[in-house]
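If you count the sequence shown from 1, you need to add 825 to reach my numbering. Cβ atoms here follow ideal geometry from the backbone N, Cα and C, with glycine treated the same way. Since the model is a prediction, treat every value here as computed from it, not as a measurement. Written below as structure tokens is the structure these notes are about.
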Amino acid sequence: MDCWEQRVIEEAAKSYGTKTQTIQAVEEFSELLVVLSKIVNGRYSSKDHLIPLIDEVADCQIMLNSLKSIYEIEDQVSERVFFKLNRLRERVRERNGRHGDEKL
Ligand SMILES: [Mg+2]
């Protein structure tokens, strides 16, 4: 997250408060859930899903960064992301019989 994004997020957290921003995160995640559900259920025609998908992913990314900032868990989340990506890499390698992408 760059400095500008961090400043906007901190200003929003100060203005709206932790509880409101947390509720906002729940709402944004719910909106993404609806879009994803519509995609898998074929409720969009051709590529009509891309605009709402991009919009909701952007909202969720902002809210994830907001939650990390508000609860001061940036470093812990980064550590868990690293751990979980390593675990995923191992699972993918096992699934591919270790003949998958050697760059992983
Ligand atoms: Mg939204």
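When the options are compared against residue i, the one with the closest alpha-carbon
i           : options               : result
residue 862 : 849, 851, 826 and 878 : 878
residue 858 : 884, 835, 834 and 912 : 884
residue 833 : 870, 894, 905 and 872 : 894
residue 887 : 910, 849, 905 and 840 : 849
residue 856 : 842, 899 and 874      : 874
DSSP-derived helix/strand/coil call for residue i
i           : result
residue 870 : coil
Outcome for residue i when other beta-carbon atoms lying within 10 angstroms are tallied against a minimum of 16
i           : result
residue 881 : buried
residue 903 : exposed
residue 853 : buried
residue 892 : buried
Cβ shell of residue i (< 7 Å), same chain only, five flanking positions each side left out
i           : result
residue 869 : 863
residue 890 : 826, 830 and 834
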